[in-house]
Every structure is written in C-alpha cells, then in structure tokens.
Amino acid sequence: MVPPRRRRALVAALAVAALSAGGLAAVPTAGAVPTIPLGTSVWWACMQPDSPGPVPLRCPKAFDQRYPDALARAGDPYSVLVAENEMKMRWLQPDENRFDFAVADRLVGYAQAHGMHVRGHVLVFPSDLPLWMSRKDWTRASLLAALKFHIFTVMRHFKDKFPGVIREWDVVNEPLDDNGELSRNLLTRVIGADYVEQMLRFAREADPDALLFINEYNADQPNRRSGALVTMARDFVQRGVPLNGIGMQMHLGMAGPVPSSAERVSMMDRYADLGLRVAITELDIGLLPPYGAASADQQQAGFQQIAQDCADLPACTGMTVWGVGDALSWRGLVAAPLLLDGQYRPKAGLAPVLAILAAAPARAPVRPGGGESLLSPVPVIGAPAAVAAATVRQRGLRVTAMCAGTPPCAVDFTLTVGGARLATRSVPVTGPGHATRLRLSAAGARTLRRLRGARTARLRARIAPGPWVARPVRLTVGTKK
Ligand code: XIL
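Throughout the sequence shown, residue numbering follows the numbering used here, covering 711 to 1191 in sequence.
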C-alpha cells in the first residue's frame, strides 16, 4: 500500500496533471484516485497558539499542540479538510459586499502545502445566514443577485488562488425539513421554491469544473426528508440542473433514531441510482447512555460499517468525519463521537476504517445523466476579473455581469456569429449581479433575425481594461421579449 503522505502526493500530482489538461478534464475523476479519502473538519484557529480572527472563530478551547500534531504527523489519517465554520457566508462576507478570506485562505493554503484537498463548505446555508442578509429587505431579484455575487466571488477566489485544491462544494446546506418540505427561511420566502436550483446554476456558472452537492442531515434513512431529497434530486437530474452529488451529513445519534445499516445503504443506493455521487460529509456517531464500553464498541463498529458501505458503493467518493478528535467535537466530550479521543489518541476503529477505505476498489466514473457530464446550460463568460452570463433575446442581449471586487467596474462585450459582429458594448456594472440589456445595432438585429433557431455565437468579454476571454454562447432567438 502507498503510505498516506506518498498517496497524497500522488493524488495531488494526478490532480495537477488533470488540471493542466484544461476544460472539463480539469476535474480529476474519481477513477484517478486509488482510494476513498478520509476527511475531517478543522477549526483553523486551533492550529496555532494565537489565533487571529473574529471571536466566534477563535479556538473554542485552550491551544493544544496535539491538535495540529494530529493533522501534521507522518501517516496522519486525514487527506481532506473541511472548514468547520470559516467558509460559511457569515464569515466570508461579514458585511454586504465586504469579503474576508484571511482565515479561510490559511486553512486552504495549509491543505495545499500538505497535498490535501478541501471540501468547500458551504456556499448557501439558509438557516445560518449573515445578519446583514437576514435583516435587509429584499426583492427576489436583489436577493438572487446578492447570492450569485457571493457564490461567484467565493468560488472564483479559491479556484484562482488555490487551483485544484477545492474540487467539490456544498452549494446548499440543509434545504429540507422533517416533513419533507423546503425549510421556511428568507430564501424560500423571498425567492421561492426554485432557490436551490438557482444556487446550483450560479455555482455551475461560477465554476464549470466543480462538483456541486446538496448537503443534508437525517437523509440517511427512509423518511420524509430523504424522500423529498430524492424527488428534488431526480427532478434536477432530469431537467439538467447542475447537481453532482448528495452529501449525507450523518450526525448519528443526534436527532432521530440511528439508521440501521440496511436503511443507510438503501438511501445511498437511491441517491447513486440517480447518477449522483454520494459523499459522507459530516460523520460523527454519538455515544449513547449509559456511555459504557458497549456503546464505545458499537460506535467504532459503526464507523467501520459505514466505511465498508462506502467502499462497496462505486458512487461513494468520500468519507469525512466532523472533527479531528473528541476534544473539539461540536457534540461535546460526552457524545465523544469521533475516531480520535479527547487526547487525540486513535480509537479502535481508526485503523480498520483506513484499511477499508484504502482497499476499496477504484471509484467508477459517475454514470451519464448525472455527475460530471452535467454542464451548465447557461452560457458563461469567465475572465480573470469578470464573470457574466448572457442570453440573446429578440431585440437584444441580456447580460448579467459582475465585478470581481466591489462594484463599480466596466465590462466590454462583443458578440459575433460567424464573421458578423452583432453587438459591441461597454457596460457599466454598478451593483452585484448587475443585469443589463444590450440593444443590437440595426444590422445586428437583421443578422440575428436571419439566424432564427438555435445557433452558437461567440461572446467576448473583459473587465476594462483587461484581457479578453471568449466563450461560445447559445443563442435563443425570438422566444422572449
Ligand atoms: C457546526 C459547527 O461544527 C459548530 O462549530 C457551529 O457552532 C455550528 O455549525 N451541519 C453542518 C455544519 O452543515 O456546518 C454544522 O457545523 C453542523 C451541522
């Protein structure tokens, strides 16, 4: 077996090779990764004695050198990191249009330096929104624009600064409730039932290569919530909404009964049968009263069983535990729900779990109809400093443009079909997710009318002044005003 450090280096090298191939091939396929990685969430502030950053992101306990040691020692078990809180919207965008990547960058930079990957957690967490967002009055359009701006800014930031390190994102966290309805929150109230779909579309526009997940809890056994998740995911797959996987949080023994192994597997199968990836994203298994040795044995057996279930399912591409060790678990030392104990000593299940994950057969490519084969149906312009989408309507071009930093900025566009130039415009972008309409020249409109029907044009865009980036655009002519 390749030792973990070497394995990481190998996986990293494969990722870099795949990245330099460009395009969709930039996503290292699961097939290229020999084993299922074991991940853990981290508190970045617990990695060093003096933690900078806002108080809620400070290490919840006194600094303990064993915490960074557990992550850095040779042969440590984890090869994927997840920010426990540091990449949530309230910390990345603490005030409207003000982003603070300082802490998250350290975390991702650490992962990069150690040949690890990071799971992006989380772009939109409707029950954990920043105060400024919960307090403001929104229209559907303005809230969509603000969320799009957040998604674009965050995904682009990490992709540009740490290429290849974050391959998958939880796009929407916990959209459903116990009754299998969309949870009531600002997003459902102001945007409506299609908000999950909209977020996925924005994320795909922002990064055509990322694997996009809906992450949900208590969706690991048959119940109304998981039933609704299957229905939602099936609908998305059928309609080409860009969804690559389901994140099963698996905080077991916390809310609701612990699912039996058969129940868990049946749910993993149902998500996989849609052609989606399945990732175990936040696994912890709380000890149950009277918290004795029997419960501890059961817990460690549970970890092994779940690792085995994942190994047995080709679509299962990751297993992440929610915490390095019990000492800092969000569920507390009594639940002691992790693979390392309060002293960062490995528990009995750790070695078997690693062996199971290491011996798992190579992951099969995700089936067509789901997974990586889903490309954004929305045309996208990507430039180092600008992103924009456009649909061509009867008399003009509707463009959504964004500044990479704080608005305002200006975006230049040219639209050509064959040799014919249909529009050349410079558009001032005054707010996040600014939408505008470019009127075509008379000659451009005539050309466009002749082209009625689906065509592909080239839309070039740049943040002025800056390099031009061109992308093909699907023309939808004459369907809407
Ligand atoms: C938790 C963190 O672990 C805590 O530190 C924080 O106080 C609350 O959030 N589901 C999720 C995670 O998706 O983001 C949550 O993390 C745990 C439940």
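Glycine included, every Cβ here is placed at the ideal spot set by N, Cα and C.
Source: prediction; values computed, not measured.
Whole-angstrom Cβ separation of residue i and residue j, contact assumed at under 8 Å?
| i | j | result |
| --- | --- | --- |
| T1030 | N925 | Their Cβ separation, rounded to whole angstroms, is 11 Å, which puts T1030 and N925 out of contact at 8 Å. |
| L748 | L1048 | At roughly 12 Å, the Cβ-Cβ gap does not stay under 8 Å, so L748 and L1048 are not in contact. |
| L857 | M909 | 6 Å |
| Q1014 | L997 | The pair is not a contact, with the Cβ atoms about 16 Å apart (cut-off 8 Å). |
| A772 | H831 | In fact, because the Cβ distance is near 26 Å, the residues do not count as touching under 8 Å. |
| S789 | M843 | Not confirmed; about 34 Å, so no contact. |
| R816 | W754 | 6 Å |
| T1134 | T1124 | 5 Å |
| A903 | L886 | Actually they are not in contact, since the Cβ atoms of A903 and L886 sit about 12 Å apart, beyond 8 Å. |
| L953 | F946 | 5 Å |
| G1059 | S751 | About 18 Å separates the two Cβ atoms, so there is no contact after all. |
| F862 | A943 | No, F862 and A943 are not in contact; Cβ-Cβ is about 24 Å, not under 8 Å. |
| R800 | P840 | 4 Å |
When every heavy atom of ligand 1 is checked, does at least one fall within less than 6 Å of the C-beta of residue i?
| i | result |
| --- | --- |
| W1194 | Because the chain is modelled from 711 through 1191, residue 1194 falls outside the range shown and cannot be assessed. |
| W1040 | yes |
| N795 | yes |
| N928 | no |
| N883 | yes |
For residue i, report the span of its alpha helix (DSSP H) as first-last.
| i | result |
| --- | --- |
| W801 | M799 to L802 |
| A793 | Note, A793: premise wrong, no alpha helix (DSSP H); beta strand (DSSP E) at V790 to A793. |
| P918 | No alpha helix (DSSP H) holds P918; DSSP gives it neither H nor E. |
| R766 | Looking at the sequence provided, one finds Pro at residue 766 rather than Arg. From DSSP, P766 is part of no alpha helix (DSSP H); its letter is neither H nor E. |
| P1118 | Counting along the chain, P1118 falls outside any alpha helix (DSSP H), and DSSP gives it neither H nor E. |
| D779 | R776 to A782 |
| L1064 | L1060 to A1069 |
Closest to residue i by CA distance: which of the options is it?
| i | options | result |
| --- | --- | --- |
| V864 | P804, A929 and G996 | P804 |
| F859 | N807, A903, W1040 and Q1014 | N807 |
| P1071 | A1153, L854, D1022 and N883 | D1022 |
| A1037 | G1052, P1024 and C1026 | G1052 |
| A1011 | D994, S976 and H827 | D994 |
| L767 | R1055, M826, V813 and A782 | V813 |
| W848 | I956, I901, L886 and A965 | I901 |
| P787 | E796, Y777, E794 and R850 | Y777 |
| N933 | F912, A903 and R974 | R974 |
| R691 | E884, R980, V947 and L897 | In the structure displayed, the chain extends from 711 to 1191; residue 691 sits before or after that span and is not available. |
| R980 | G963, P1056, I956 and P999 | I956 |
| A929 | D888, F946 and R894 | D888 |
| A982 | S1005, C1020 and V968 | C1020 |
| L802 | F868, V828 and M978 | F868 |
| R877 | V951, G1028, P1024 and S970 | G1028 |
| P969 | A1058, Q931, H961 and Y1054 | Q931 |
| W1040 | M964, P1024 and P1062 | M964 |
| V881 | F862, K871, D870 and A913 | A913 |
| L1132 | C1119, A1153 and P1138 | A1153 |
| D838 | E796, A855, L1064 and A1025 | E796 |
| G819 | A855, M960, G1035 and D870 | D870 |
| F710 | P764, D779, Y927 and L984 | Summary: the structure shown does not reach residue 710, with the chain confined to residues 711 through 1191, and so no result is reported for it. |
| A1025 | L1050, G1035, V988 and A782 | V988 |
| N895 | P764, L1050 and L853 | L853 |
| L791 | M757, Q775 and F809 | M757 |
Hey, could you find the ends of the beta strand (DSSP E) residue i is sitting in?
| i | result |
| --- | --- |
| T750 | L748 to V752 |
| F859 | Taken as a continuous stretch (DSSP letters only), F859 belongs to no beta strand (DSSP E), being part of the alpha helix (DSSP H) at R850 to K871. |
| R987 | R987 to I995 |
| L1212 | The structure shown does not extend to residue 1212, since the chain is modelled only from 711 through 1191, so no value can be given for it. |
| G937 | Note, G937: premise wrong, no beta strand (DSSP E); alpha helix (DSSP H) at R934 to R949. |
| M958 | G955 to M958 |
Can you confirm whether residue i, when its beta carbon is compared against all beta carbons of chain D, has any partner nearer than 7 Å?
| i | result |
| --- | --- |
| M960 | You won't find chain D in this structure, because it holds only one protein chain. |
Tell me the start and end of each unbroken beta strand (DSSP E) in the region 797-841 that is at least 3 residues and wholly inside, in chain order. 827-834
Could you tell me which uninterrupted beta strand (DSSP E) segments, each at least 3 residues in length, are contained entirely in the region 868-914, listed from first to last along the chain? 876-883
Tell me the start and end of each unbroken alpha helix (DSSP H) in the region 964-1047 that is at least 4 residues and wholly inside, in chain order. Taking 4 residues as the shortest admissible run, the region 964-1047 contains the following complete alpha helix (DSSP H) segments, listed from N- to C-terminal end: 971-982, 1003-1022 and 1042-1045.
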